[in-house]
Amino acid sequence: MTERIEGHGGVLAVSALRAAGITEMFTLSGGHVFPLYDAAHETVPGTGEPAMRIIDVRHEQSAVFAAEAVAKLQRRPGLAVLTAGPGVTNGISGLTSAYFNASPVLVMGGRAPAFRWGSGSLQEMDHLPLVAPVTKHAATVFATDEIPAAVTGALTTALTPHRGPVFLDLPLEVVFSVAEATAPDAPVVPVVEPDPDEVSKAARLIAAAQRPVIIAGSDVYAGDAVAALREAAEALQVPVFTNGMGRGALPAQHPLAFAKARRTALRGADLVVVIGTPLDFRLGFGDFGAARVVHIVDAPSQRATHVQPAVSPAGDLRLILSALADHAGDREDHAGWIADLRAAEDAAKERDAGEMAAETDPIRPARIYGELRRVLAPDAVTIGDGGDFVSYAGRYLEPSVPGTWLDPGPYGCLGTGMGYAMGARVTYPDRQICVLMGDGAAGFSLMDVESLVRQKLPVVIVVGNNGIWGLEKHPMQAMYGYDVAADLQPELRYDEVVRAMGGAGETVGKAADLGPALQRAFDSGVPYLVNVLTDPGDAYPRSSNLA
Ligand SMILES: Cc1ncc(C[n+]2csc(CCOP(=O)(O)OP(=O)(O)O)c2C)c(N)n1
Ligand SMILES: [Mg+2]
5 MTERIEGHGG VLAVSALRAA GITEMFTLSG GHVFPLYDAA HETVPGTGEP AMRIIDVRHE
65 QSAVFAAEAV AKLQRRPGLA VLTAGPGVTN GISGLTSAYF NASPVLVMGG RAPAFRWGSG
125 SLQEMDHLPL VAPVTKHAAT VFATDEIPAA VTGALTTALT PHRGPVFLDL PLEVVFSVAE
185 ATAPDAPVVP VVEPDPDEVS KAARLIAAAQ RPVIIAGSDV YAGDAVAALR EAAEALQVPV
245 FTNGMGRGAL PAQHPLAFAK ARRTALRGAD LVVVIGTPLD FRLGFGDFGA ARVVHIVDAP
305 SQRATHVQPA VSPAGDLRLI LSALADHAGD REDHAGWIAD LRAAEDAAKE RDAGEMAAET
365 DPIRPARIYG ELRRVLAPDA VTIGDGGDFV SYAGRYLEPS VPGTWLDPGP YGCLGTGMGY
425 AMGARVTYPD RQICVLMGDG AAGFSLMDVE SLVRQKLPVV IVVGNNGIWG LEKHPMQAMY
485 GYDVAADLQP ELRYDEVVRA MGGAGETVGK AADLGPALQR AFDSGVPYLV NVLTDPGDAY
545 PRSSNLA
């Protein structure tokens, strides 16, 4: 006999959320969603624990970004609960980031009462047309007893590759009413079998290539295919570059792990194998000159339509990569190619090492990363939120453990910092969590340090304080010979802002003081901001400067 449960809409929703392994809700209060809090707050019989941990924020964007960090890091759904109207609209940049990043986030919204819709209730608006373009599924649940099935269904959609966010809103009388429903089960996620002919064609192309390269992205981590990637690369002897959550998939010391020789690799390659990431602006839109392209994606919807790869297997990445690893035929010897790339990589590393040690006044960002590398543990989670300062982070930090690097992804939304930090701290109570933040980016979410302090969620925030929107000011100067709307207050004391909210921090202006300051930050056990005054004249060297 199927088990029945009874309760108000919040109880029914939380029981479905718990069945899916969700243990926390990120939120900012609003009366429309009180029943969800009431259910989360209720003690689970026999455990003495509340049904769900409630973590609250000062701006809804942080709730959604925190839920996204949980989803990205833990490969399970993250939950944000937002009140009707402005609560939901404040969460839309977070939802959109999750959509671009294929993160399985569920946003549950409050909603004005359905029974008097059109009469002008407080915050009465239909959220669905706003969120539909940036979610895989968006719906209103109109009957209390349909809530568990709606939640489980939405989560199944979110978790099915190609993953992504989903949205449900609950009219006021629906979430406050009591009903009976079938007890929900965990979502069952279908496995998409790839076409074996396409997979073997990909394997043959790689084996026959003289100078193949792999570029592996976020879906490799999201699809739990990191081990299979390594096996495939080792079996076929292909150098591996990574982006997004793919970073760290191979430890930096692995003979096939490369980061800095990317330009040399893409110029010289005769085959580029892109796995689990789109052929977008980060990869020259999939145009690699004369090289042929194999694009391996986790769902048919992810095949590129703007370029024609030689083959594009679609399906479960673990299955596809394991099949590549099992390729039995002959293969070309790639040893010379790998050695060439290793030489380019080593030369670039040497250049970087010099920059990371440079004793300049004012401090250049490279030096900050040089010092940070000394104090970061291998499993530290590093989070980038900013412009040039974060581009440098991508260049100088080399994650060596999979799932430890959080960048905003191709949507490039500033303001992820405190939300991502919160989600990372909740995921890993004992690891180092370090946010690398531009001073401009700090303006979007720094008030959420208050949420971190109050809820005892310590993180270290390193601000690269150049007093400008650097990634905009330098290109504007280059383009027009002048700039507007690109200046910030120089040498602003962001550390004092954090101290005022109950955290700690300090300002650093000399390179020699960086190391001890970072050490103090990680030892402090409270949210701690190291405000580093950096050189406003330093611009990240890039070929295209539009962001
Ligand atoms: C929400 C949002 N607004 C604006 C932008 C455009 N943008 C990209 S980088 C950047 C400058 C960031 O400045 P800062 O955080 O100080 O880092 P810096 O480049 O100075 O190191 C801006 C404004 C964006 N990506 N996202
Ligand atoms: Mg700046």
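Numbering-wise (our numbering), the sequence shown opens with residue 5 and increments by one.
By construction, the Cβ of each residue, glycine as well, lies at the ideal position given by its N, Cα and C atoms.
Under the DSSP definition of a beta bridge, CYS438 partners with THR386 and VAL464.
Counting only the Cα atoms, VAL217 lies some 46 angstroms from PRO152. Between ligand 2 and GLY114, a heavy atom-to-CB distance of less than 7 angstroms is absent. A Cβ-Cβ distance of about 7 angstroms is found for the pair ALA213 and GLU336, placing them in contact under the 8 angstroms criterion.
Residue range 38-45 is occupied by the alpha helix (DSSP H) that includes HIS45. Proximity to VAL242 across ARG215, HIS12, ALA327 and PRO175 peaks at ARG215, based on C-alpha coordinates. For THR511, the secondary structure class from DSSP, reduced to helix, strand or coil, is strand. Assignment of PRO243 by DSSP, reduced to helix, strand and coil, places it in the coil class. Here GLN127 is not near GLY95, since their CB atoms are 8 angstroms or more apart.
Relative to GLN493, the option among ASP542, GLY474, GLY507 and MET483 whose CA is nearest is GLY474.
With a beta-carbon spacing of about 7 angstroms, ALA273 and PHE292 fall inside the 8 angstroms limit used to define contacts. Ranked by Cα distance from VAL18, the first of GLY35, HIS45 and THR51 is HIS45.
Approximately 5 angstroms separates the beta-carbon atoms of LEU522 and VAL379; this is inside 8 angstroms, confirming the contact. Under DSSP, PHE30 forms a beta bridge with ILE59 and ALA84.
By the rule of a C-beta closer than 6 angstroms to any heavy atom of ligand 1, the residues picked out are GLY390, GLY391, ASP392, PHE393, GLY416, CYS417, LEU418, GLY419, GLY442, ASP443, GLY444, ALA445, GLY468, ASN470, ILE472, TRP473, GLY474, LEU475, GLU476 and ALA551. In this structure, the beta-carbon distance from VAL430 to GLU28 falls below 8 angstroms.
When the alpha-carbon of THR268 is set against those of LEU283, PHE245 and HIS36, the nearest one is in PHE245. Around the beta carbon of HIS310, fewer than 16 other beta carbons lie within 10 angstroms, which makes this residue exposed.
Taking 8 angstroms as the cut-off, the beta carbon of PRO531 is found closer than this to the beta carbon of VAL457.
The straight-line gap separating the alpha-carbon atoms of ALA543 and ASP149 is approximately 57 angstroms. In this structure, TYR225 sits away from PRO169, with a CB-CB distance that is not shorter than 8 angstroms. With contacts defined by Cβ atoms closer than 8 angstroms, GLY509 and VAL502 form a contacting pair. Taking each of GLY113, ALA425, PRO433 and ARG435 in turn and checking the Cα distance to SER455, the smallest one comes out for ALA425.
The Cβ atoms of ALA384 and THR408 sit closer than 8 angstroms to each other.
TYR486 counts as exposed, since fewer than 16 other beta carbons sit within 10 angstroms of its beta carbon. For ILE279, the enclosing beta strand (DSSP E) covers residues 275-279. Taking the Cα of PHE69 as reference, the smallest distance to any Cα among PRO39, LEU83 and GLY11 is reached at LEU83.
Taking 8 angstroms as the upper bound for CB-CB distance, GLU7 and ALA187 are in contact here, some 4 angstroms apart. Within 10 angstroms of the beta-carbon of PRO520 lie fewer than 16 other beta-carbons, which makes it exposed. Taking LYS264 as reference, the option from ILE279, ALA329 and ARG355 with the minimal CA-CA separation is ARG355.
ARG120 and ALA143 have their C-alpha atoms some 19 angstroms from each other. THR51 is classed as exposed because its beta carbon has fewer than 16 other beta carbons within 10 Å across all chains shown. For the stretch 194-243, the full-length beta strand (DSSP E) segments reaching 3 residues or more read 216-220 along the chain. ARG399 sits buried, since 16 or more C-beta atoms from the chains shown fall within 10 Å of its C-beta.
Pairing THR511 with PHE526, the inter-Cα distance amounts to about 15 angstroms.
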